[in-house]
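Heads up: the structure comes next, in structure tokens.
Residue numbers (my numbering), protein chains in the order written: chain A, 1 to 124; chain B, 1001 to 1514.
This is the structure we're talking about:
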């Protein structure tokens, strides 16, 4: 399989599992990281086609990780979808400022997430 | 000064005493002057009397001379007629001598006595001479005159001269003593006046400085207190009003010090509390942010997995499982709304809720709400219309929160209606936007209209159970509307339906963000 690679940076096992299963039937290849630092390291190593970044992560926040990746020429152009918490006012703006291509409020609908991914990164 | 200050008497009494003292001195000096004047006047009288006595003595001398003269004339004219003149002069002599004797000092009385005796003899001789002249014995008369009258008169003359000298010397003595008295009086008066002036000045100086010193001390003391030196004390020897004032000032300073200390303590305490509060507030804010995310993460998995199951990502869903799965999804979404509402309200209460101001389209908001709730209206068989006045320009505010408000109101309208229509209408009224959500639902009793926007307020707990809801939606809606500088109200008729309105500025000023 030479599908497009998506990196999901998320520390919650069930959300990882959910996205894993969501993408299982698609042509996308999913790689995972469970904290901010690991997310940045994996992204720099693997250079995925799209990144899903949770906002609250151990070791390094999703926003800091996004800024790091935007600052590195290798990853600067990769579309990043930041998963925000709706109740926190200004998260959307913070995500945009950090360099997010798009953002989704948690809890997101898997259906909508897949649609957003497809819009940014066509499956074929 | 200190001695005067330490006298235990009022300022009034001290001033009065000072003035009285000066007044008494003036009176005393006046009395002394009067006494001196009366003494001088009595000396003047004595002088006058002495003068008069000298005059009388001279008169006697004159009368004596006249007697001799007339005697000589009688001899010359050989006429006894002139003897009458001698007698007249003799009478004048005796009268004047009597006056002199009356006013005479004891040591003069003897001299006067002698004069009188000699005068008596002289008069007898004159009578003898007169008789001799009458008898034509002029020669004898002349001899008698030569031998007896002349020596007699010479003796009398000597006595009288002695008398005159005495009186004159007494008069001179008196005059000298009057002059001395005058000089002494002048000196005394001058000394008295000077003393009086000095005493007056000294009294004025002492009394005034006994008042000025405490005032100066008070001035210095108050300056110290004003600078915040509460340890300063004022110490005056005065036991009068100034002393009382100084005691009050010390007391005041102590009180001020006490107040300052307690206020200082209170302000430190407040500052400490404030810091604690700020920390607590920050902790609460952090807690809310974390909790928000922590609650959403499992909700994300729950709702995500259910949706994926219903979307048949895991394969076909058996028909009998579709309904319970849908129930899980419905309740999961409801739980999510509850979480959102509680977190929103906590943030608002903590003052940590901030509006994110941006331009938004009213049409978009109404459309979002319409599409979100269309299915619910359809499910309940309600007629749901949502429209916006044409040509409303872009609005400025927190579009997400306004959408949340409208969603709450329309959600309630759909929830509490069993038939009829739910209508949304938005229009521009001057600088404001007016949102209107009307329904044909159960309506709200009049007495509940005021409370409906409070926290955890629902008209009836039974209704709450039937229609479900957090009871926070209207409260949150009201708070968001107010944060936009707007207001919300409701008109309702029980059993016929309700209309909720909220008006917010079309374009919020950034400065208005609450």
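Glycine included, C-beta positions come from ideal geometry on N, C-alpha and C.
Under 9 Å from the C-beta of residue i: neighbouring residues of chain B
i: residue 25 (chain A); result: 1313
Among the options, the one whose alpha carbon lies nearest that of residue i
i: residue 1234 (chain B); options: B:1240, B:1227 and B:1216; result: B:1216
i: residue 1256 (chain B); options: B:1387, B:1098, B:1279 and B:1225; result: B:1225
i: residue 57 (chain A); options: A:42, A:67, A:37 and A:47; result: A:37
i: residue 1362 (chain B); options: B:1308, B:1396 and B:1004; result: B:1396
i: residue 1238 (chain B); options: B:1501, B:1385, B:1211 and B:1143; result: B:1211
i: residue 1301 (chain B); options: A:18, A:6 and A:8; result: A:18
i: residue 1426 (chain B); options: B:1393, B:1326 and B:1451; result: B:1393
i: residue 1221 (chain B); options: B:1246, B:1501 and B:1118; result: B:1246
i: residue 1428 (chain B); options: B:1198, B:1389, B:1163 and B:1440; result: B:1389
i: residue 51 (chain A); options: A:41, A:79, A:60 and A:61; result: A:79
i: residue 1131 (chain B); options: B:1071, B:1096 and B:1181; result: B:1071
i: residue 81 (chain A); options: A:59, A:97 and A:104; result: A:104
i: residue 1433 (chain B); options: B:1183, B:1093 and B:1503; result: B:1503
i: residue 98 (chain A); options: A:4, A:41, A:53 and A:47; result: A:53
i: residue 1105 (chain B); options: B:1295, B:1050 and B:1491; result: B:1050
i: residue 1196 (chain B); options: B:1011, B:1030 and B:1339; result: B:1030
i: residue 40 (chain A); options: A:107, A:16 and A:65; result: A:65
i: residue 1079 (chain B); options: B:1090, B:1066 and B:1137; result: B:1137
i: residue 1369 (chain B); options: B:1384, B:1441 and B:1012; result: B:1384
i: residue 1379 (chain B); options: B:1280, B:1419, B:1184 and B:1100; result: B:1419
Length of the line joining the Cα atoms of residue i and residue j
i: residue 1159 (chain B); j: residue 1063 (chain B); result: 14 Å
i: residue 91 (chain A); j: residue 1472 (chain B); result: 23 Å
i: residue 1373 (chain B); j: residue 1367 (chain B); result: 10 Å
i: residue 102 (chain A); j: residue 8 (chain A); result: 14 Å
i: residue 1123 (chain B); j: residue 1088 (chain B); result: 11 Å
i: residue 1461 (chain B); j: residue 118 (chain A); result: The pLDDT assigned to residue 1461 (chain B) is 49, lower than 50, so where the model puts this residue is not dependable, and the model offers no usable value.
i: residue 1170 (chain B); j: residue 1048 (chain B); result: 12 Å
i: residue 1505 (chain B); j: residue 1486 (chain B); result: 7 Å
i: residue 1213 (chain B); j: residue 1028 (chain B); result: 32 Å
i: residue 1315 (chain B); j: residue 28 (chain A); result: 19 Å
i: residue 1309 (chain B); j: residue 112 (chain A); result: 15 Å
i: residue 1112 (chain B); j: residue 1164 (chain B); result: 11 Å
i: residue 1176 (chain B); j: residue 1107 (chain B); result: 21 Å
i: residue 1452 (chain B); j: residue 1496 (chain B); result: 17 Å
i: residue 1446 (chain B); j: residue 60 (chain A); result: 55 Å
i: residue 22 (chain A); j: residue 14 (chain A); result: 12 Å
i: residue 1466 (chain B); j: residue 1331 (chain B); result: Because residue 1466 (chain B) sits at a pLDDT of 43, beneath the cut-off of 50, its placement in the model cannot be relied upon, and the following sentence gives the value as read from the coordinates. Computed Cα separation, rounded: 14 Å.
i: residue 1250 (chain B); j: residue 1244 (chain B); result: 10 Å
i: residue 1259 (chain B); j: residue 1219 (chain B); result: 22 Å
i: residue 1431 (chain B); j: residue 1484 (chain B); result: 13 Å
i: residue 124 (chain A); j: residue 4 (chain A); result: 8 Å
CB contact flag (residue i, residue j, <7 Å)
i: residue 11 (chain A); j: residue 121 (chain A); result: no
i: residue 1494 (chain B); j: residue 1443 (chain B); result: yes
i: residue 1068 (chain B); j: residue 1153 (chain B); result: yes
i: residue 94 (chain A); j: residue 44 (chain A); result: no
i: residue 1360 (chain B); j: residue 1399 (chain B); result: yes
i: residue 1075 (chain B); j: residue 1141 (chain B); result: yes
i: residue 1118 (chain B); j: residue 1155 (chain B); result: yes
i: residue 1437 (chain B); j: residue 1414 (chain B); result: no
i: residue 55 (chain A); j: residue 84 (chain A); result: yes
i: residue 1203 (chain B); j: residue 1018 (chain B); result: yes
i: residue 1093 (chain B); j: residue 1133 (chain B); result: no
i: residue 1439 (chain B); j: residue 1492 (chain B); result: no
Under 9 Å from the C-beta of residue i: neighbouring residues of chain A
i: residue 1305 (chain B); result: 14, 17, 18, 21 and 110
i: residue 1308 (chain B); result: 18, 21, 22, 110 and 111
i: residue 1336 (chain B); result: 107
Under 7 Å from the C-beta of residue i: neighbouring residues of chain B
i: residue 85 (chain A); result: 1292, 1293 and 1296
i: residue 115 (chain A); result: Under the 7 Å cutoff, chain B gives no residues; its nearest Cβ is about 12 Å from residue 115 (chain A).
i: residue 56 (chain A); result: 1293
Neighbouring residues, chain D, relative to residue i (Cβ below 8 Å)
i: residue 93 (chain A); result: The structure shown contains no chain D; its protein chains are A and B.
Where residue i meets chain A, residues with beta-carbon distance less than 7 Å
i: residue 1300 (chain B); result: 15, 106, 107 and 108
Item to complete: Could you tell me whether the segment 1398–1405 of chain B touches the segment 1476–1485 of chain B, using the rule of 3 or more Cβ pairs below 8 Å?
Response: Yes: at least three Cβ pairs fall under 8 Å.
Practice prompt. Pair every Cβ in the segment 1305–1324 of chain B with every Cβ in the segment 1339–1346 of chain B, then say whether three or more of these pairs are closer than 8 Å.
Written response: Touching, no, given that fewer than three Cβ pairs across the two stretches are closer than 8 Å.
Worksheet item: Quick one: any contact between the segment 1179–1192 of chain B and the segment 1029–1036 of chain B, if contact means 3 or more CB pairs under 8 Å?
Response: Contact between the segment 1179–1192 of chain B and the segment 1029–1036 of chain B is present, because at least three Cβ pairs lie under 8 Å.
Practice prompt. Determine, using beta-carbon pairs with one atom in the segment 1001–1013 of chain B and one in the segment 1236–1250 of chain B, whether at least three such pairs fall under 8 Å.
Written response: yes
Worksheet entry | Three CB pairs or more closer than 8 Å across the segment 1263–1275 of chain B and the segment 66–73 of chain A | no
Worksheet item: Would you call the segment 1077–1085 of chain B and the segment 1118–1133 of chain B touching, i.e. three or more CB-CB distances under 8 Å?
Response: In short, these stretches touch, since the Cβ pair count reaches three.
Practice prompt. Evaluate contact between the segment 26–36 of chain A and the segment 1015–1024 of chain B, counting only Cβ atoms and requiring at least three cross-stretch pairs below 8 Å.
Written response: No, they do not touch.
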